[in-house]
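Enquirer: According to the UniProt record's numbering, the sequence shown is numbered sequentially starting from 1. Don't be surprised by glycine CBs; every beta carbon is placed ideally from N, CA and C.
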Amino acid sequence: MASGPSSTTPGWKQMSWRKRPQSVVAWESKAEWDQVMVGLYCGDREIQQDALDRISAWKSRYGHRMPLAVECTADLIRCKLLDASGVLKSHELVLTYGLALVRFVNLITERKQKTVVIPLRRLAKELNIPVWIVNLRHDLTHGNLPHLDACQKGCDVVLEWLRQTYWSRQLANNLVRGYEEDEDEESPLGFAIAIDPWH
1 MASGPSSTTP GWKQMSWRKR PQSVVAWESK AEWDQVMVGL YCGDREIQQD ALDRISAWKS
61 RYGHRMPLAV ECTADLIRCK LLDASGVLKS HELVLTYGLA LVRFVNLITE RKQKTVVIPL
121 RRLAKELNIP VWIVNLRHDL THGNLPHLDA CQKGCDVVLE WLRQTYWSRQ LANNLVRGYE
181 EDEDEESPLG FAIAIDPWH
């Protein structure tokens, strides 16, 4: 009785590799990713700082390929920790929040831009980002600096948007995978890959 196709069958390795996940992640396990997600959104400053330290470690080994949503979340949580510490003046906090918010809008909407430039407000609507966040970004870059409370509110709204759009979706879809060593020649990278639509 014939057995299944052998690994020498043309296209066999290619077919088995195609079934594998498709992009590398920086975290070592799903448990680590879960812990960081919970830590970022827990509200406890010490635990949040711990989560930020882990993200810094991810960044050091993954570099510029870190998912944008992870970077933006970390930037905004850092703003909240600086705000809570009381070390910055109101004007300095506006600039700190402002940089993180401008970076968020630019990076997230940039991914949706086509060959023809699409207005930011329309892109924001497509992505379910409140238009007033785009207006806040416009004020921060082109107009008078907004009040601190507007920046704080913007930070909270964007963090919630990131939680729903990235973190919760990743968790629900179980898209996070750990590194797995692969000794055969099927993977040119030598380790397994996890899908990350935000990369």
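For the alpha helix (DSSP H) containing Y41, name the first residue and the last one.
Expert: Segment: none, Y41 is in no alpha helix (DSSP H) and carries neither H nor E.
Enquirer: Closest to I55 by C-alpha separation, out of D44, Q35 and I133, would be which residue?
Expert: I55 has its Cα closest to that of Q35, out of D44, Q35 and I133.
Enquirer: Please return the same chain residues whose Cβ sits closer than 8 Å to the Cβ of V116, not counting the five positions on each side in sequence.
Expert: Within the same chain, V116 has no close Cβ partners at all.
Enquirer: Determine the direct distance from the alpha carbon of M37 to that of K30, and round the result to whole angstroms.
Expert: K30 and M37: Cα-Cα distance of roughly 11 Å.
Enquirer: Assign V131 to buried or exposed, taking buried as 16 or more other Cβ atoms, counted over all protein chains shown, within 10 Å of its Cβ.
Expert: It counts as exposed.
Enquirer: Below 8 Å, how does it come out for the region 103-110 and the region 57-74: are there three or more Cβ pairs, yes or no?
Expert: Judged by Cβ distances under 8 Å, the region 103-110 makes contact with the region 57-74, as three or more pairs qualify.
Enquirer: What first and last residue would you give for the alpha helix (DSSP H) that runs through N106?
Expert: It spans S90 to E110 - the alpha helix (DSSP H) in which N106 sits, taken as one unbroken run.
Enquirer: Just curious, the alpha helix (DSSP H) that residue 226 is in, first and last residue?
Expert: Not covered by the structure: residue 226. The range shown for the chain is 1 to 199.
Enquirer: Can you tell which of A150, L88 and E126 has the C-alpha that lies nearest to the C-alpha of N135?
Expert: Among A150, L88 and E126, the Cα nearest to that of N135 belongs to A150.
Enquirer: Does the beta-carbon of P67 have 16 or more other beta-carbons within 10 angstroms, so that it is buried, or is it exposed?
Expert: By the 10 Å Cβ count, P67 comes out buried.
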